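Just so we're aligned, residue 1 is where the sequence shown starts under the UniProt record's numbering, counting upward by one.
Just so you know, even glycine gets a beta-carbon here, dropped at the ideal spot from N, CA and C.
Just so you know, these numbers come straight off a predicted model, no measurement behind them.
Worksheet: the structure to be examined is printed underneath.
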Amino acid sequence: MMLRILSLRRQISAPPRGAPRCAIRRGVWEAGAMTTSHAVVVGGGIAGLAAARMLARDGVRVTVLEGSPGIGGKLRVSEIAGIPVDEGAESMLARRPEGLDLVRDLGRSGDLVNPGTTSSGILSRGALRPIPSGQVMGVPSDLKALAAAQVLSPAGLARVPLDLVLPETPRGADVSVADFIGARVGREVVDRLVEPLLGGVYAGRAELLSFDSTLPAVAAAARTHRSLISAVQGIRDAAPKDPGPVFATLPDGLGTLPHLVAADLAEAGGTIRTGAMVRELRRREHGWRLTIGPTRDPEYLDADAVLVAVPAAPASRLLKPDVPAAARELARIEYASMAIITLAYRATAFPRLPEGSGYLVPGVESAAENGGRGVKAVTFSSVKWPHLRDRDPGVIAVRCSIGRFGEEHALQKADEELAATAMAELAATCGVTELPAESRVTRWGGGLPQYNVGHADRVAKVRAAVAAEPGLAVAGAAYDGLGVPACIASARAAASRVLDHLRSREGADHDRAGG
């Protein structure tokens, strides 16, 4: 079936062939069969598409409205020097099932590829050093391995074992990552290990990020242990001895996943409209009305249910008229901006080919005010992913990340300046003095939600307010996790809520009609 990805039109998208041409019509619910219930999903990122696919596969007529010209959200891929390299997220956790399950459901599980190397480093105290073994998101459990890595200064290293004798750290409400971990094992562990690893996910600040929301496993274990080191040892002891690969992606980039989902959605009868900016969402007597397009020439679309899968700020704007309590909490979720600079070098440009997948740069090393170079992470894509190296062994593709929460000024530079910053980083650490054959700068303004202290409470309030509105659900990275599997889990939960509402509603209509 031809994939229906439509640009914004004045007319409302036609219903499936044979269905009456009306905005809302109720019918008898038959599980697994097409009904006349209409659900609108606002947002064409992976959460919105996964939710829409689930609804369509359960027989609901679905319309996805995406305001930008294309689908996929933060998942996007394009070629550089003939190699497909992701511009956003490049992989998904393989130790969570949701992403792998979706790929399997799409019939593409045989296409999944894993990294060729799991080793990575960290730039600390002016040199590249290995990330210590025995750590969980930077929190150490093996003091010998920590000392051998030489990431910490002698003073910082000496501070760590005090955790084993310090009294329990009082903890009631949520606390920041920096406050709790710093109190247990010292601030240097926070600055040189924990924050860089968290930075790869949130691009956030440890003194602001919520311990409970960003490190839930560590936070939970810390509640049952006086020592944080002992808590992390317990996590590692309980982990599978052979857990398998940590990450997975698709051969042509993770950015192809949204298009695979969209094709499956179209096969199930769903419609995707791009360039369809939703300006307003209002409650109606029997559902919801969405206003699309410019003020001078609006389009109205009615739906039995609406699933909002856009970032917190636009979600807040849409919910403000009828769900103000949710809108207030969503408005409190801040976002970090970042840029991905992709460089394609001739392999001969490297005096010595990189051996690991890349390295992280702590903020205390990279901050311009500290004399740093500005880059927060470097990924040697052609080394990390052997299938990319196989595309062209003569090319080494490298991704450099720039930008943390509060560093929006660093992204005000022109593309050429950002590319030069990335090149200078590789010259300093890898001895690369040649210019790349190609370069690409991708900016993600407001791309990463910040799970700051109190995040779980904010999300709970959003969900409580939304739950009071029949036929409304929310999903996406702003709530329970930024990774692809977490977004898919969020989508499934939201789609289940919508399905429950539609089943209940259509069952009631059937009863009123006399069975």
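Helix, strand or coil at residue i [DSSP, three-state]
i           : result
residue 302 : strand
residue 277 : coil
residue 67  : coil
residue 419 : helix
residue 258 : helix
residue 106 : coil
residue 86  : strand
residue 343 : strand
residue 411 : helix
residue 453 : coil
residue 247 : strand
residue 190 : helix
residue 441 : strand
residue 39  : strand
residue 482 : coil
residue 168 : coil
residue 503 : helix
residue 495 : helix
residue 185 : helix
residue 93  : strand
residue 271 : strand
residue 175 : coil
residue 240 : coil
Exposed unless 16 or more other CB atoms sit within 10 angstroms - verdict on residue i
i           : result
residue 58  : buried
residue 505 : buried
residue 393 : exposed
residue 264 : buried
residue 439 : buried
residue 431 : exposed
residue 184 : buried
residue 186 : buried
residue 87  : buried
residue 300 : exposed
residue 348 : exposed
residue 118 : exposed
residue 144 : exposed
residue 36  : buried
residue 242 : exposed
Neighbourhood of residue i by C-beta distance below 7 Å, restricted to the same chain and skipping five residues each side
i           : result
residue 225 : 231, 234
residue 427 : 433
residue 359 : 120, 121, 122, 123, 128, 378
residue 501 : 305, 470, 471
residue 418 : 339, 341, 402, 441
Residue i - partner residues in DSSP beta bridges
i           : result
residue 472 : 306
residue 379 : 358, 399
residue 336 : 448
residue 290 : 281, 301
residue 72  : 45
residue 62  : 39
residue 435 : None, per the DSSP bridge assignment.
residue 78  : 85
Chain-order list of residues whose beta-carbon lies under 6 Å from that of residue i (same chain, five-residue window excluded)
i           : result
residue 55  : 39, 62, 495
residue 188 : 152, 156
residue 498 : 39, 305, 307, 473
residue 565 : The structure shown has nothing for residue 565, since the chain only spans 1 to 515.
residue 411 : 337, 339, 403
residue 227 : 163, 164
residue 114 : 245, 248
residue 116 : 386
residue 23  : Any reading at residue 23 is ruled out, since the residue's pLDDT is 28, under 50, leaving its predicted position unreliable.
residue 445 : 337
residue 190 : 178, 181, 182, 206
residue 138 : 193, 194, 197
residue 325 : 465
residue 389 : 382
residue 489 : 98
residue 280 : 291
Chain C within 8 Å of residue i, Cβ atoms only
i           : result
residue 200 : Protein chains in the displayed structure number just one, and chain C is not present.
Same chain only: Cβ atoms within 8 Å of residue i, ignoring 5 sequence neighbours per side
i           : result
residue 424 : 373
residue 487 : 45, 46, 47, 50, 475, 476, 477, 481
residue 350 : 396, 430, 431, 432
residue 334 : 405, 449, 450, 452
Alpha helix (DSSP H) runs contained entirely in the stretch 196-234, provided each spans 4 or more residues: 211-214, 216-222
For the stretch 107-156, which segments carrying the beta strand (DSSP E) assignment without a break, of at least 3 residues, lie completely within its bounds, in sequence order? 121-124, 127-130
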